[in-house]
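Below is one structure, written out as C-alpha coordinates; comments come after it.
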Amino acid sequence: MARDKREIGRAVVRRIWGDEMAAELEKGWEELHPDLARFILEFVSAEVWSRPTIDLKTRSLCTLAAVTALGRLEQVRFHTRGALGNGATPEEIKEVLLHLCVYAGFPAGWAALRAAHEVFVELEAERQRPRKKAK
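If you count the sequence shown from 1, you need to add 4 to reach our numbering.
Set out below in C-alpha coordinates:
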(Lines of atoms letter the chains of each structure in order from A and count residues from 1; the text may use other names and numbers.)
(Lines give C-alpha, C1' and ligand atoms only; values in the text may rest on other atoms or scores of the structure.)
Protein backbone atom coordinates (compact mmCIF):
# COMPACT_ATOMS: atom_id res chain seq x y z
CA MET A 1 0.00 0.00 0.00
CA ALA A 2 2.74 2.50 0.95
CA ARG A 3 4.64 1.60 -2.22
CA ASP A 4 1.49 2.27 -4.27
CA LYS A 5 1.05 5.66 -2.59
CA ARG A 6 4.69 6.49 -3.21
CA GLU A 7 4.27 5.67 -6.92
CA ILE A 8 1.09 7.74 -7.13
CA GLY A 9 2.94 10.61 -5.45
CA ARG A 10 5.89 10.26 -7.81
CA ALA A 11 3.54 10.39 -10.79
CA VAL A 12 1.99 13.63 -9.51
CA VAL A 13 5.42 15.20 -8.90
CA ARG A 14 6.59 14.13 -12.39
CA ARG A 15 3.42 15.59 -13.92
CA ILE A 16 4.06 18.97 -12.28
CA TRP A 17 7.86 19.23 -12.51
CA GLY A 18 8.93 16.81 -15.25
CA ASP A 19 11.03 13.67 -14.84
CA GLU A 20 14.42 15.33 -14.30
CA MET A 21 13.26 17.88 -11.72
CA ALA A 22 11.10 15.29 -9.95
CA ALA A 23 14.13 13.03 -9.52
CA GLU A 24 16.18 15.97 -8.17
CA LEU A 25 13.42 16.95 -5.76
CA GLU A 26 13.03 13.42 -4.40
CA LYS A 27 16.79 13.06 -3.97
CA GLY A 28 16.89 16.37 -2.08
CA TRP A 29 14.00 15.38 0.17
CA GLU A 30 15.67 12.02 0.91
CA GLU A 31 18.96 13.75 1.75
CA LEU A 32 17.26 16.14 4.17
CA HIS A 33 15.34 13.33 5.85
CA PRO A 34 13.89 10.10 4.43
CA ASP A 35 10.59 10.74 6.20
CA LEU A 36 10.31 14.14 4.47
CA ALA A 37 10.34 12.34 1.12
CA ARG A 38 7.76 9.88 2.43
CA PHE A 39 5.49 12.65 3.76
CA ILE A 40 5.66 14.65 0.53
CA LEU A 41 5.24 11.71 -1.84
CA GLU A 42 2.77 9.54 0.07
CA PHE A 43 0.66 12.23 1.73
CA VAL A 44 1.04 15.64 0.06
CA SER A 45 1.32 14.35 -3.51
CA ALA A 46 -0.56 11.03 -3.42
CA GLU A 47 -3.42 12.01 -1.13
CA VAL A 48 -3.83 15.79 -1.34
CA TRP A 49 -2.61 16.85 -4.79
CA SER A 50 -4.22 13.87 -6.54
CA ARG A 51 -7.74 14.45 -5.19
CA PRO A 52 -10.15 14.69 -8.14
CA THR A 53 -12.40 17.62 -7.24
CA ILE A 54 -10.08 20.43 -8.34
CA ASP A 55 -7.42 20.29 -11.02
CA LEU A 56 -3.67 20.75 -10.57
CA LYS A 57 -3.72 24.29 -11.96
CA THR A 58 -6.27 25.35 -9.35
CA ARG A 59 -4.30 23.59 -6.60
CA SER A 60 -1.16 25.40 -7.72
CA LEU A 61 -2.88 28.78 -7.61
CA CYS A 62 -4.32 28.00 -4.16
CA THR A 63 -0.86 26.99 -2.97
CA LEU A 64 0.60 30.21 -4.34
CA ALA A 65 -2.02 32.12 -2.37
CA ALA A 66 -1.14 30.26 0.83
CA VAL A 67 2.63 30.66 0.56
CA THR A 68 2.17 34.33 -0.36
CA ALA A 69 0.03 34.94 2.73
CA LEU A 70 2.70 33.18 4.81
CA GLY A 71 5.45 35.33 3.28
CA ARG A 72 7.42 32.30 2.03
CA LEU A 73 9.10 33.81 -1.03
CA GLU A 74 11.27 30.76 -1.78
CA GLN A 75 8.05 28.73 -1.95
CA VAL A 76 6.41 31.45 -4.08
CA ARG A 77 9.23 31.01 -6.61
CA PHE A 78 9.00 27.22 -6.43
CA HIS A 79 5.22 27.11 -6.79
CA THR A 80 5.21 29.74 -9.54
CA ARG A 81 7.20 27.25 -11.62
CA GLY A 82 4.78 24.52 -10.60
CA ALA A 83 1.75 26.62 -11.52
CA LEU A 84 3.23 27.27 -14.95
CA GLY A 85 3.85 23.54 -15.31
CA ASN A 86 0.22 22.92 -14.41
CA GLY A 87 -1.07 25.23 -17.13
CA ALA A 88 -1.40 28.59 -15.38
CA THR A 89 -0.32 31.55 -17.47
CA PRO A 90 1.94 34.32 -16.16
CA GLU A 91 -1.07 36.64 -16.41
CA GLU A 92 -3.20 34.35 -14.22
CA ILE A 93 -0.41 34.04 -11.66
CA LYS A 94 0.08 37.81 -11.55
CA GLU A 95 -3.66 38.36 -11.18
CA VAL A 96 -3.85 35.93 -8.24
CA LEU A 97 -0.91 37.64 -6.55
CA LEU A 98 -2.36 41.09 -7.19
CA HIS A 99 -5.68 39.91 -5.72
CA LEU A 100 -3.77 38.78 -2.63
CA CYS A 101 -2.59 42.33 -1.97
CA VAL A 102 -6.08 42.93 -0.58
CA TYR A 103 -6.28 39.77 1.54
CA ALA A 104 -2.66 39.07 2.54
CA GLY A 105 -1.51 42.70 2.59
CA PHE A 106 0.22 44.83 0.01
CA PRO A 107 3.75 44.00 1.21
CA ALA A 108 3.10 40.25 0.87
CA GLY A 109 1.41 40.57 -2.53
CA TRP A 110 4.03 42.96 -3.85
CA ALA A 111 6.91 40.73 -2.69
CA ALA A 112 5.22 37.70 -4.28
CA LEU A 113 4.72 39.59 -7.55
CA ARG A 114 8.44 40.44 -7.56
CA ALA A 115 9.36 36.80 -6.82
CA ALA A 116 7.10 35.51 -9.60
CA HIS A 117 8.49 38.12 -11.99
CA GLU A 118 12.01 36.83 -11.24
CA VAL A 119 10.85 33.33 -12.19
CA PHE A 120 9.31 34.59 -15.45
CA VAL A 121 12.57 36.38 -16.32
CA GLU A 122 14.66 33.29 -15.47
CA LEU A 123 12.47 31.02 -17.58
CA GLU A 124 12.56 33.43 -20.51
CA ALA A 125 16.36 33.57 -20.27
CA GLU A 126 16.46 29.76 -20.25
CA ARG A 127 14.30 29.68 -23.38
CA GLN A 128 16.58 32.19 -25.12
CA ARG A 129 19.78 30.23 -24.44
CA PRO A 130 21.10 28.35 -27.45
CA ARG A 131 20.56 24.63 -27.06
CA LYS A 132 23.40 22.20 -27.60
CA LYS A 133 22.94 20.06 -30.66
CA ALA A 134 22.82 16.31 -30.13
CA LYS A 135 25.66 14.47 -31.80
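Note that beta-carbon positions come from the ideal geometry of N, C-alpha and C, so glycine has one too.
Values in this document were obtained by computation on a predicted structure and should not be read as measured data.
Item	Value
First through last residue of the alpha helix (DSSP H) which encompasses Ser64	Leu60 to Ala73
Nonlocal neighbours in the same chain, by C-beta distance under 7 Å from Ile20, ignoring five residues either side	Leu60, Gly86, Gly89 and Asn90
Chain-order list of residues whose beta-carbon lies under 7 Å from that of Val123 (same chain, five-residue window excluded)	Arg81, Thr84 and Arg85
C-beta contact flag for Val17 and Ser49 at 8 Å	yes
Same chain, Cβ closer than 7 Å to Ser54, neighbours up to 5 away in sequence not counted	Ile12 and Val16
Where the alpha helix (DSSP H) through Phe47 begins and ends	Run containing Phe47: none; DSSP gives neither H nor E here.
Which listed residue (Gly113, Arg7 and Gly22) has its alpha carbon closest to that of Val71	Gly113
For Pro94, the nearest candidate out of Ser64, Pro56, Leu74 and Pro111 (CA to CA)	Ser64
Through-space distance from Glu96 to Glu51, alpha-carbon basis	26 Å
Nearest candidate by alpha-carbon position, reference Arg7, set His37, Glu28, Ala41 and Gly32	Ala41
Beta carbon of Ala119 nearer than 8 Å to that of Ala73	no
CB contact flag (Trp116, Leu104, <8 Å)	Residue identity differs from the one stated: residue 116 is Ala in this sequence, not Trp. Their beta carbons are under 8 Å apart, which means Ala116 touches Leu104 by this criterion.
Coarse secondary structure for Val92, derived from DSSP in three states	According to the sequence as given, residue 92 is Ala; it is not Val. Residue state, collapsed to three classes: coil.
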